[in-house]
Amino acid sequence: MCEVLNVSRSGYYNWIAEKQKEPTKRQLYREELKQKITKFFHESLGTYGAPRIHKDLLAAGYIVSEKTVGRYMREMNLYATPLESFVVTTDSDHEQPIFENLLKQKFETKQPNEVWVSDITYIWNGEGWVYLAAVLDLYSRKIVGWQTGDHMKKELALEALDMAINLRQPEKGLIHHSDRGSQYASHNYRDKLEEIGALGSMSRKGNPYDNACIESFFATLKKELVYRRKFLTREEAVQTVNWYISVFYNEKRRHSKNNYLSPNEFEHCRQEEMHPLHPTIFQEI
């Protein structure tokens with residue numbers, strides 16, 4: 107055998123002995139980490155980079171640096187896809203009155219139901235477009251209301267707003283920010299905001315960065331879900347989007363703004379800090 111392989115007899119037996127050695131604890135730990143990294147990466151739908159995977163590992167009790175996680179991910183060719191830039195899709199060519207921009211790109215809040223942001227996006231499927239209206243609470247970046255449909259009329263936006271109102275029961279003084287779309291400038295939508303004592307706020311014309319947080323959510327939704335598969339029917343698209351928001355995004359997806367806690371986890375932790383002996387004031391969806 108040694109002659110065939112063109113190696114010395116001692117070299118061959120040293121190689122055999124090395125192969126038969128039991129792996130060290132460090133080697134076993136490294137392999138276990140790689141398995142966990144792969145697991146968390148795929149559980150995130152292949153969207154988490156090293157920072158979020160690192161938080162998952164720490165939460166699971168593993169001691170490892172973010173730098174090491176990044177190196178292991180590169181070794182295993184696990185890469186998160188970058189977000190796309192915002193695309194302006196708003197139809198603001200209407201004669202409805204416009205709210206003043208009260209938000210002014212101040213996206214940090216100190217309590218829930220202080221500022222909600224809203225917008226509409228669309229998702230292609232084999233039967234045409236599905237439209238998604240969503241309402242996001244800046245406090246935790248949680249989607250507190252949403253609705254899907256085969257149109258993007260004001261009724262779609264109103265149904266998403268109604269869901270948010272029923273779920274969160276906001277007090278008067280809530281700021282509701284949106285773009286200048288006709289849905290949000292309609293009399294019906296404005297009346298609903300007035301009914302709950304909310305203050306309307308709208309972006310400057312043609313400036314999606316004034317509503318960057320909801321735009322960022324839509325970009326994340328499309329990167330992590332929509333662009334990774336083809337929906338054959340509207341019903342399939344609707345069911346999958348509902349699952350993504352309620353089961354994955356709100357409940358599990360780690361958000362950098364929340365110190366890499368999911369929106370629901372962030373709200374629960376902050377609630378316990380503020381009201382350790384009181385029952386929950388948040389409802390889950």
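Numbering (the numbering used here), first residue to last: 107 to 391. Note that the Cβ used here is the ideal one computed from N, Cα and C, for glycine as well.
Following the continuous alpha helix (DSSP H) through T174, name the residue where it begins and the one where it ends.
Translated into positions along the sequence shown, residue 174 becomes position 68. Under the DSSP assignment, T174 falls in the alpha helix (DSSP H) whose first and last residues are E172 to E181.
Cβ-based neighbour list, R296, same chain, cut-off 7 Å, excluding 5 preceding and 5 following
Taking the first residue of the sequence shown as position 1, residue 296 is located at position 190. The residues G306, in chain order, have a CB closer than 7 Å to that of R296 in the same chain once the five nearest residues on each side in sequence are set aside.
Where do the N-terminal and C-terminal ends of the alpha helix (DSSP H) with Y295 fall, by residue?
Numbered from its first residue, the sequence shown carries residue 295 at position 189. Looking at the DSSP string, the run of the alpha helix (DSSP H) that includes Y295 is H293 to E301.
Whole-angstrom distance between I229 and L238, CA atom to CA atom:
Looking up residue 238 in the sequence shown gives position 132. Looking up residue 229 in the sequence shown gives position 123. L238 and I229: Cα-Cα distance of roughly 8 Å.
Quick check on the DSSP output: the beta strand (DSSP E) that includes A239 runs from which residue to which?
Stepping through the sequence shown from its first residue, residue 239 is reached at position 133. Looking at the DSSP string, the run of the beta strand (DSSP E) that includes A239 is G234 to D243.
Quick one: give me the first and last residue of the beta strand (DSSP E) that N231 is part of.
Looking up residue 231 in the sequence shown gives position 125. Segment V221 to N231, the beta strand (DSSP E) holding N231.
Pair within 7 Å by beta-carbon distance, L242 and I320:
As a first step, residue 242 must be located in the sequence shown, where it is residue number 136. As a first step, residue 320 must be located in the sequence shown, where it is residue number 214. Yes; because the gap between Cβ atoms is below 7 Å, this pair is in contact.
For P276, tell me which candidate among A343, T227, E149 and Y245 has the shortest Cα-Cα distance.
Along the sequence shown, one-based indexing puts residue 276 at 170. Across the set A343, T227, E149 and Y245, the C-alpha of Y245 shows the shortest separation from the C-alpha of P276.
Does the beta-carbon of R177 have 16 or more other beta-carbons within 10 angstroms, so that it is buried, or is it exposed?
On the sequence shown, position 71 is the one that residue 177 refers to. Counting Cβ neighbours within 10 Å, R177 comes out exposed, since fewer than 16 surround it.
For K311, which of E371, S288, A304 and Y333 has the nearest alpha-carbon?
Here residue 311 refers to the residue found at position 205 of the sequence shown. Answer by Cα proximity: S288.
How far does the alpha helix (DSSP H) with M269 in it reach, from first residue to last?
Counting from 1 along the sequence shown, the entry for residue 269 is found at position 163. Run containing M269: K260 to R274, per the alpha helix (DSSP H) assignment.
Where DSSP assigns a beta bridge to W252, which residues make up the other side?
For the purposes of this step, residue 252 is taken as the residue at position 146 of the sequence shown. Residue pairing for W252: DSSP places it in a beta bridge opposite A240.
Residue closest to R180, alpha-carbon to alpha-carbon, out of A325, A156 and S352:
The count along the sequence shown starts at 1 and reaches residue 180 at position 74. For the options A325, A156 and S352, the alpha carbon positioned closest to that of R180 is the one of A156.
Quick one: Cα of H160 to Cα of K142, how far?
Working through the sequence shown from its first residue, we reach residue 160 at position 54. Working through the sequence shown from its first residue, we reach residue 142 at position 36. Between the alpha carbons of H160 and K142 lies a distance of about 10 Å.
Name the residue from V344, Y168 and L208 whose alpha carbon lies nearest to the alpha carbon of M308.
Residue 308 sits at position 202 when you count from the first residue of the sequence shown. If we check each option's Cα against that of M308, L208 comes out closest.
If we call anything under 7 Å between Cβ atoms a contact, is Q253 one with A266?
If you number the sequence shown from 1, residue 253 lands on position 147. If you number the sequence shown from 1, residue 266 lands on position 160. Contact: yes.
Looking at C-beta atoms only, is the number of pairs between the segment 210-224 and the segment 325-333 that lie closer than 8 Å three or more?
In short, these stretches do not touch, since the Cβ pair count stays below three.
Assuming S322 is part of the alpha helix (DSSP H), what are its boundary residues?
Working through the sequence shown from its first residue, we reach residue 322 at position 216. A318 to E330 is the extent of the alpha helix (DSSP H) around S322.
Output the distance between the C-alpha atoms of N365 and K298, rounded to the nearest integer angstrom.
Start at 1 with the first residue of the sequence shown, and residue 365 comes out as number 259. Start at 1 with the first residue of the sequence shown, and residue 298 comes out as number 192. Each residue's CA atom was taken as its position, placing N365 and K298 some 34 Å apart.
Evaluate S153 with the Cβ neighbour count: other Cβ atoms within 10 Å of its Cβ, from every protein chain shown; 16 or more gives buried, anything less gives exposed.
One-based indexing of the sequence shown puts residue 153 at position 47. Per the sequence shown, residue 153 should be read as Thr rather than Ser. T153 is buried by the Cβ-count criterion.
Could you check if V194 is buried or exposed, using at least 16 other CB atoms within 10 Å of its CB as the buried criterion?
One-based indexing of the sequence shown puts residue 194 at position 88. For V194, the predicted structure reports a pLDDT of 49, less than 50, and the residue's modelled location is therefore unreliable. A value from the coordinates is still provided. Classification of V194: exposed, given that the 10 Å Cβ count is below 16.
Whose C-beta lies closer than 7 Å to the C-beta of A291 among residues of the same chain, with five residues either side of it excluded?
For the purposes of this step, residue 291 is taken as the residue at position 185 of the sequence shown. The residues are H200, Q202, P203 and I204.
Got a sec? Which residues, its chain only, sit under 7 Å from N294 by beta carbon, not counting five neighbours each side?
In the sequence shown, counting from the first residue as 1, residue 294 sits at position 188. Answer for N294: K260 and L264, listed in chain order.
Quick one: is S251 buried, meaning 16 or more other Cβ sit within 10 Å of its Cβ, or exposed?
For this step, residue 251 is matched to residue 145 along the sequence shown. In the sequence on display, residue 251 carries Gly and not Ser. Within a 10 Å sphere around the beta-carbon of G251 sit 16 or more other beta-carbons, which makes this residue buried.
Name the DSSP bridge partner or partners of G306?
On the sequence shown, position 200 is the one that residue 306 refers to. Its beta-bridge partners are H282.
Residues near T339 by beta carbon distance below 8 Å, same chain, minus five either side
One-based indexing of the sequence shown puts residue 339 at position 233. In chain order, N231, G232 and E233 place their CB closer than 8 Å to the CB of T339, counting only its own chain and leaving out the 5 sequence neighbours on each side.
Quick check: the Cα distance between H374 and M380, rounded to an integer number of angstroms?
Within the sequence shown, numbered from 1, the residue matching residue 374 stands at position 268. Within the sequence shown, numbered from 1, the residue matching residue 380 stands at position 274. The alpha-carbon of H374 is positioned some 10 Å away from that of M380.
Assigned secondary structure, L367 (DSSP; H/G/I helix, E/B strand, else coil)
If you number the sequence shown from 1, residue 367 lands on position 261. Note: L367 maps to strand in three-state DSSP.
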